[in-house]
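Visitor:
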Amino acid sequence: MTDTNALRIIPAEEAFAVPEQMAEMRKVVENWSGGYDPDIFLWEKMLSGSPLTRRLLDLDGERIQIMDEAGIAMQLLSLTSTGVQMFDPDTAVAVAEVANDRLAELIGRFPTRFAGLATVAPQDPARAVKELERSINTLGLNGLVINSHTNGEYLSDRKYWPILEAAAELGAPLYIHPRSPTPLMAPAYREDHLEHAIWGYQAETGLHGLRLITSGVFDAFPKLKVILGHMGEGIPYWFYRIDWMHDMTKSLDMVRAELQMKPSDYFRRNFAITTSGVNWDPPLKYNLDVLGADNVMFAVDYPYQETHESVNWLRALDLPADVKAKLAGGNAERIFKIKAPAAA
Ligand code: MN
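The sequence shown begins at 3 in the numbering used here and counts up by one.
(1) What does a CB cutoff of less than 7 angstroms around residue 335 pick up in its chain, not counting 5 residues either side in sequence?
(2) For the ligand MN, I want to know if residue 210 counts as a neighbour, meaning its beta carbon is within less than 7 angstroms of at least one of the ligand's heavy atoms.
(3) On the criterion of 16 or more Cβ atoms from any shown chain inside 10 Å, does residue 310 qualify as buried, or is it exposed?
(4) Less than 8 angstroms between the CB atoms is what I'm expecting for residue 198 and residue 151, so what's the real figure, rounded?
(5) Would you grab the beta carbon distance between residue 170 and residue 143 for me? Rounded to a whole angstrom, and I think it's under 8 angstroms.
(6) With three or more beta-carbon pairs closer than 8 angstroms as the criterion, would you say the stretch 179 to 187 touches the stretch 30 to 41?
(7) Can you tell which of 338, 284, 306, 291 has its C-alpha closest to the C-alpha of residue 315?
(8) What is the DSSP secondary structure of residue 134, reduced to helix, strand or coil?
(9) To which residues does DSSP link residue 83 through a beta bridge?
(10) Return the chain-ordered list of same chain residues with a C-beta closer than 6 angstroms to the C-beta of residue 214, the five sequence neighbours on each side being excluded.
(11) At 3 residues or longer, what runs of the beta strand (DSSP E) sit wholly inside the stretch 211 to 259?
(12) Can you give me the C-alpha to C-alpha distance between residue 10 and residue 115, rounded to a whole angstrom?
(13) Going straight from the alpha carbon of residue 229 to that of residue 50, what length do you get?
(14) Give, in chain order, every unbroken run of the beta strand (DSSP E) that is at least 3 residues long and sits entirely within the stretch 105 to 185.
(15) Can you look up residue 187 in the DSSP assignment and give me helix, strand or coil?
(16) With a threshold of 16 other CB atoms inside 10 Å of the CB of residue 250, please say whether the residue is buried or exposed.
(17) From the DSSP output, which residues share a beta bridge with residue 299?
(18) Expressed to the nearest angstrom, what Euclidean distance is found between the alpha-carbon atoms of residue 313 and residue 32?
(19) Given that a residue counts as buried once 16 or more other Cβ atoms are within 10 Å of its Cβ, and exposed if not, what is residue 179?
(20) Using three-state DSSP, classify residue 327 as helix, strand or coil.
(21) Is it the case that the Cβ atoms of residue 259 and residue 216 are separated by a distance below 8 angstroms?
(22) Once the 5 residues before and after residue 223 are set aside, which same chain residues still bring their CB inside 7 angstroms of it?
(23) Based on the DSSP output, what are the partners of residue 77 in its beta bridges?
(24) Is the closest heavy atom of the ligand MN to the C-beta of residue 177 under 7 angstroms?
(25) Taking the alpha carbon of residue 85 as the reference point, which residue from 70, 42, 160 has its own alpha carbon closest?
(26) So residue 94 and residue 81 are supposed to be a Cβ contact under 8 angstroms. How far apart are they, rounded?
(27) Compute the minimum distance between the beta carbon of residue 15 and the heavy atoms of the ligand MN, and state whether it is under 7 angstroms.
(28) Nearest to residue 161 by CA position, among 190, 126, 307, is which residue?
(29) Smallest Cα separation from residue 83: which of 212, 17, 256, 261?
(30) Among 156, 191, 148, 192, which residue has its Cα nearest to the Cα of residue 174?
(31) Going by CA-CA distance only, name the one from 291, 281, 289, 292 that's closest to residue 301.
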C-alpha cells in the first residue's frame with residue numbers, strides 16, 4: 003500500500019540502553035556515598051525493575067513493533083541519560099565504545115529503521131574526540147549526544163572545546179540531552195521533587211545551551227550545530243530578555259565574553275530543537291514562528307513518553323504539508339544526514 007501523502011516520521015530523541023551501561027550504573031548506585039543526587043535517585047528506580055528498563059534494552063522487538071503500529075519510519079537513537087557521564091574516565095570510555103559498536107551493529111541490521119548518535123566520555127576530552135571520529139568516520143553514526151553537565155561542569159569550559167571543535171569539523175550535530183541539575187543545585191528543587199523532567203531538566207539544559215552561547219563557543223566554531231529537545235528547553239521564549247539584558251548589564255560591570263552577534267542570533271543560526279514529549283500546539287507554533295520551519299524536529303522521547311499520543315498529535319496538526327513533512331522527518335534527515343529511502 004502506497005500513500006503518497008504519508009508522513010515520513012523520524013523521531014529524533016529516542017533512547018536505548020546496553021547491559022554494560024546498566025551494570026556499571028548499578029555499581030555507581032551501590033557505591034554511592036555522597037548526599038542526595040537526583041540522577042542517582044532515578045537510576046535506583048530504573049535498576050529496581052522498571053518497565054522502562056525493559057523497553058530501553060529492547061532494540062529490535064517491542065520497539066520495532068510499536069514503530070510499525072504508529073507508522074514511524076525510523077528512530078534516531080541515543081544512549082539513555084546519563085550516558086557514561088557518571089563513570090570514572092576509563093569505564094566511561096569503554097562503555098561508550100561498546101554502546102557505539104552495538105548501535106552501529108543495530109543500524110547495520112536495520113538500515114532503514116534506525117540512525118543514531120554517538121556517545122562519548124567528556125571526562126576525557128582527548129579520548130572523546132577519538133571516539134567521536136571513529137563513530138562518525140568508521141561507524142557512520144549521525145552525530146553525538148551529551149547529557150548536560152559532567153561532574154558539575156559544562157561544555158562551555160575551555161577544556162571541553164576540543165570536543166566541540168571536532169564536532170564542528172566533522173559536521174556532527176551535538177544533541178544536548180537533559181540530566182538533573184548538579185547535586186550542588188539539587189536542594190533548591192527537592193522539596194516537591196522538581197529536579198527531574200517536571201522542571202529541573204529544562205532549567206539545567208537551558209542553562210547549558212545559554213552558557214554555550216554566552217561563552218563565545220559559536221564565534222570560535224561557527225559551524226557547530228547544537229540540538230536541544232523539549233521545544234528548546236525554554237530558551238526561545240527568553241530571546242527578547244536575553245538579548246536586552248546581555249547588552250544592558252554591561253553598564254553594571256558584568257564581565258562576559260564579547261560576542262560578534264546577539265545571543266538569539268546564535269540560537270537561530272547554530273541550534274535546532276525537537277518537540278520531544280511536548281505534544282502541544284502553542285509552543286510548537288511559537289517555535290515555528292521564531293526559529294523557522296527548518297529548525298524544529300519531531301521527537302517522541304521513547305520510551306519515557308508514549309509513541310501513539312505523540313504521533314497522533316503530529317498527524318492531527320493543522321500545518322501546511324511542506325512544514326509538516328519537515329517537522330515529521332525532513333529536517334532530521336537533513337540535519338543528521340540520514341539517507342533517504344531508495345525510490346520504490
Ligand atoms: Mn529524552
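C-beta: ideal position from N, C-alpha, C; glycine also.
Guide: The answer reads as follows:
(1) 12, 342
(2) no
(3) exposed
(4) Not a contact, Cβ separation roughly 15 angstroms.
(5) Incorrect: roughly 16 angstroms between the Cβ atoms, too far for contact.
(6) yes
(7) 284
(8) helix
(9) DSSP lists no partner for residue 83.
(10) 158
(11) 228 to 230
(12) 11 angstroms
(13) 31 angstroms
(14) 116 to 118, 146 to 149, 176 to 179
(15) coil
(16) exposed
(17) 276
(18) 38 angstroms
(19) buried
(20) helix
(21) yes
(22) 166, 167, 170
(23) 116
(24) no
(25) 42
(26) Not confirmed; about 11 angstroms, so no contact.
(27) yes
(28) 126
(29) 17
(30) 148
(31) 281
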